[in-house]
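Here's the structure, in structure tokens; my notes come after.
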Amino acid sequence: MGVVLRQYAPLNVNKWAEVPMHYKDKMWADLMEKYDGLAGFRDEVMYNFNHMYRDWRHRKHLHYNQFLTDEDRLKNCPDDITELDWACLVEYFGSESFKRMSARNKANRAKQSASSICGRKSFASVLYDMRDPITEVDPDLTEYWKATHQRRTDNTWCSDTAKNAMKQFEDVRNSQEELGDPPLSTEEHLTKAFGARSGYLRGLGCGPKPLSSKNLEAKASKEAIERQIEELKNELKQSRGGNEEREARLQKEKDEREERFKKEIEEIKAHFSKDEREERFKKQIEDIKAHFKAEFNEQLKIIVQLYGAPTTSSPPSTQNH
Numbered sequence: 001m002g003v004v005l006r007q008y009a010p011l012n013v014n015k016w017a018e019v020p021m022h023y024k025d026k027m028w029a030d031l032m033e034k035y036d037g038l039a040g041f042r043d044e045v046m047y048n049f050n051h052m053y054r055d056w057r058h059r060k061h062l063h064y065n066q067f068l069t070d071e072d073r074l075k076n077c078p079d080d081i082t083e084l085d086w087a088c089l090v091e092y093f094g095s096e097s098f099k100r101m102s103a104r105n106k107a108n109r110a111k112q113s114a115s116s117i118c119g120r121k122s123f124a125s126v127l128y129d130m131r132d133p134i135t136e137v138d139p140d141l142t143e144y145w146k147a148t149h150q151r152r153t154d155n156t157w158c159s160d161t162a163k164n165a166m167k168q169f170e171d172v173r174n175s176q177e178e179l180g181d182p183p184l185s186t187e188e189h190l191t192k193a194f195g196a197r198s199g200y201l202r203g204l205g206c207g208p209k210p211l212s213s214k215n216l217e218a219k220a221s222k223e224a225i226e227r228q229i230e231e232l233k234n235e236l237k238q239s240r241g242g243n244e245e246r247e248a249r250l251q252k253e254k255d256e257r258e259e260r261f262k263k264e265i266e267e268i269k270a271h272f273s274k275d276e277r278e279e280r281f282k283k284q285i286e287d288i289k290a291h292f293k294a295e296f297n298e299q300l301k302i303i304v305q306l307y308g309a310p311t312t313s314s315p316p317s318t319q320n321h
């Protein structure tokens, strides 16, 4: 990226924001041709170009300070830039606006109290090395803070600010656990401990950006909503389980009632069939009795006509017949 930056970025402007967009487009296109997997990360690439551009100009300012007069400075142009660009930088570094900005930045650096023990290694590199290689989860903030601010020889802190920050981290974590809230991310911990400054997150160096108060509120609101949704899902699941049990019980009772009803119907059918058979049989017996009685009376008439009336007359028993 440094080669691409120095190839296209002009130095006749005061800062990265003033670099014309067509130069930035050329740098982006060049990187896209050289490397895979950059699609969708233009903002991140431009953010890194911004810091690299500032570092590049800072190195030129160090070269500028090696000479006492602009005449000597113009005679000693760095090898990696053109004389025209160097002339623009010499003019800019000597301007009153740059001197005021330089003095202000120097005073701000003097106020920094949370130094580190990382040397030239960036915080981002330390955090990356401590990240779990499988899950890619960041390390616990307290472990990361010890690795970047606690001396390994005697376990002393590099500054009182770093020591106090460690206590703040522990207090915040204990408070989160007591309230039952989800653990904070590394960025949220650092923002709560040091506050937010535009474009920079103390404790992680250049690259990560601080979470604004609105972002923190939005994240907290989102997490609260997610917890409520999860609780509702659990309640619905339990309610659904209870409904399934009730439905199973009601279905079983319904099946049992239907089975009892079927049995009663069969019994009633069987009962009525038996009565009908008995009634039909009785009717057949009565018909047979009537038939034999009529036949007997007819024969009796014939006998009376032939032989006279008998002394006793009674029809024969149907059962005996």
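For the sequence shown, position 216 (counting from the first letter as 1) is numbered 216 according to the UniProt record's numbering, and the numbering increases by one without interruption. Every residue, glycine too, gets a C-beta built ideally from N, C-alpha and C. It should be emphasised that the depicted structure is a prediction, and the values quoted were computed from it without experimental measurement.
8 angstroms or more divides the Cβ of Leu5 from the Cβ of Met46. When secondary structure is reduced to three states using DSSP, Gln305 falls in the helix class. Short of 8 angstroms from the beta carbon of Tyr92, and not among the five residues preceding or following it, lie these beta carbons of its own chain, in chain order: Asn14 and Phe98. The alpha-carbon of Glu286 is positioned some 17 angstroms away from that of Asn297. Cα atoms of His22 and Leu127: separation of roughly 35 angstroms, rounded to the nearest angstrom. Between Leu31 and Lys60 the beta-carbon gap is near 23 angstroms, outside 8 angstroms, which marks them as no contact. With respect to the C-alpha of Met1, the residue from Ala29, Asp72 and Glu264 having the closest C-alpha is Ala29. With contacts defined by Cβ atoms closer than 8 angstroms, Leu141 and Phe123 do not form a contacting pair.
With contacts defined as CB atoms closer than 8 angstroms, Ile81 and Leu38 fail to qualify as a contacting pair. Where Arg42 is concerned, the enclosing alpha helix (DSSP H) starts and stops at Arg42 to Tyr64. Burial state of Met101 is exposed, judged by a 10 Å Cβ sphere holding fewer than 16 other Cβ atoms.
For Phe123, the enclosing alpha helix (DSSP H) has its first and last residue at Phe123 to Met130. Per DSSP, the continuous alpha helix (DSSP H) segment holding Ser175 begins and ends at Asp160 to Leu179. If you draw a straight line from the Cα of Glu258 to the Cα of Arg240, it is about 26 angstroms long. Tyr144 is not a Cβ neighbour of Met166, given a cutoff of 8 angstroms. A distance below 6 angstroms between beta-carbons, with the five flanking residues on each side excluded, links Lys163 to the following residues of its chain, in chain order: Trp157. The Cβ neighbour count for His58, taken over all protein chains shown within 10 Å, is under 16; the residue is labelled exposed.
Per DSSP, Trp16 has no beta bridge partner at all.
Distance from the CA atom of Arg246 to the CA atom of Glu235, rounded to whole angstroms, is 16 angstroms. Note on geometry: alpha-carbon atoms of His149 and Lys121 lie some 13 angstroms from one another. If you ignore the 5 residues before and after Thr69, its C-beta comes within less than 6 angstroms of no other C-beta in its own chain. Burial check for Phe261: the Cβ neighbour count within 10 Å stays below 16, so the residue is exposed. Arg54 sits away from Trp86, with the two beta carbons spaced by 8 angstroms or more. Cys77 is a Cβ neighbour of Glu83, given a cutoff of 8 angstroms.
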